[in-house]
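*Asks:*
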């Protein structure tokens, strides 16, 4: 964030590499930034990477030192978006589809990016307020076809099936606290599948 000229050189080199590889116009180069305490610095950063040819910019509405427990600064994103000449995305605190609509309507961005929200609910942009079982099915089928480290499987399922945020907010999630603890104790995919089948059977009663 304090080396905008270096970032600009990286953008230029990435664009050149795409052109050499025959991907010009087929692949994009983007930059994701946070805001500075002095937004004039952020405006300078945006201008520098735009001049370097960046295709779009994502703005996270917090400073690097701001904890995620603090709300994003939508007013800052709105101000910065007015200084962009490329498509701009808003990022931070997007956990529901209504959050996404609020970001776009309030700041004037072209779209939004969600990270934690999609980890907790991959069906967020389909309008679901919490993860449906169908989403877990898709994930499990994909993992069986293209395996990933087992710890990642457990991590993603724990996020999708009920976090402290979702339970405190009134959504029970697919797994209760004790069931999530059992998930953490699973040793392999067989254990995970058995647990999920057991829970789904209980939920159907």
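In the UniProt record's numbering, the protein residues as written are 1 to 205.
Ideal placement from N, C-alpha and C gives every residue a C-beta, glycine not left out.
It should be emphasised that the depicted structure is a prediction, and the values quoted were computed from it without experimental measurement.
If the criterion is Cβ atoms closer than 8 Å, does the pair residue 64 and residue 1 meet it?
*Replies:* Contact flag set, yes.
*Asks:* Could you tell me how far apart the beta carbons of residue 53 and residue 11 are, in whole angstroms, since I believe they sit closer than 8 Å?
*Replies:* Rounded, the Cβ-Cβ distance is 6 Å, consistent with contact.
*Asks:* Checking the sheet assignment: what are the DSSP bridge partners for residue 271?
*Replies:* It is not possible to answer for residue 271, since the shown part of the chain is limited to 1 through 205.
*Asks:* So, at 7 Å on beta carbons, what are the nonlocal neighbours of residue 76 in its own chain, with the 5 sequence-adjacent residues on each side left out?
*Replies:* Here the set comprises 35, 39 and 61.
*Asks:* May I ask you to list the residues that DSSP assigns as paired with residue 24?
*Replies:* Answer is 27, bridged to residue 24.
*Asks:* Does residue 200 pass the burial test, meaning 16 or more other C-beta atoms within 10 Å, or should it be called exposed?
*Replies:* Exposed, since its Cβ has fewer than 16 Cβ neighbours within 10 Å.
*Asks:* Per DSSP, residue 112 is paired with what?
*Replies:* According to DSSP, residue 112 bridges with 90.
*Asks:* When burial is assigned at 16 or more other CB atoms within 10 Å of the CB, is residue 166 buried or exposed?
*Replies:* Note that residue 166 scores a pLDDT of 49, beneath 50, so its modelled location is shaky; the value from the coordinates is reported in the next line. That one is buried.
*Asks:* Using a Cβ-Cβ cutoff of less than 8 Å, which residues in the same chain neighbour residue 57 once the five nearest sequence positions on both sides are dropped?
*Replies:* Counting only Cβ-Cβ distances below 8 Å, and skipping sequence neighbours, we find 30, 31, 32, 33, 46, 49, 50, 84, 86, 87, 88 and 89.
*Asks:* Inspect the CB distances between the region 146 to 163 and the region 174 to 188 and report whether three or more fall short of 8 Å.
*Replies:* With the cut-off at 8 Å, the region 146 to 163 and the region 174 to 188 touch.
*Asks:* With residue 141 as the anchor, note down where its alpha helix (DSSP H) starts and where it stops.
*Replies:* Run containing residue 141: 133 to 145, per the alpha helix (DSSP H) assignment.
*Asks:* Look at the Cβ atom of residue 96, then the Cβ atom of residue 55, and state whether they are nearer than 8 Å.
*Replies:* Cβ atoms of residue 96 and residue 55: not closer than 8 Å.
*Asks:* Determine, using beta carbons only, whether residue 143 and residue 136 come nearer to each other than 8 Å.
*Replies:* Not closer than 8 Å, so no.
*Asks:* On the DSSP letters alone, give me the boundaries of the alpha helix (DSSP H) that residue 74 sits inside.
*Replies:* 74 to 81 is the extent of the alpha helix (DSSP H) around residue 74.
*Asks:* Quick check on the DSSP output: the alpha helix (DSSP H) that includes residue 42 runs from which residue to which?
*Replies:* Where residue 42 is concerned, the enclosing alpha helix (DSSP H) stretches over 39 to 51.
*Asks:* What three-state label does DSSP hand residue 200 in the structure shown?
*Replies:* Helix, per DSSP.
*Asks:* Can you give the Cα-Cα distance for residue 43 and residue 191, rounded to whole angstroms?
*Replies:* Near 51 Å, if we compare the C-alpha coordinates of residue 191 and residue 43.
*Asks:* Do you know offhand how far residue 5's Cα is from residue 81's?
*Replies:* Using only the alpha carbons, I get a separation of about 20 Å.
*Asks:* Indicate the three-state DSSP secondary structure (helix, strand or coil) for residue 98 in the structure shown.
*Replies:* In this structure, residue 98 counts as helix in the three-state DSSP scheme.
*Asks:* How should residue 180 be labelled, buried or exposed, when 16 other C-beta atoms within 10 angstroms of its C-beta is the threshold for buried?
*Replies:* Residue 180 should be labelled buried.
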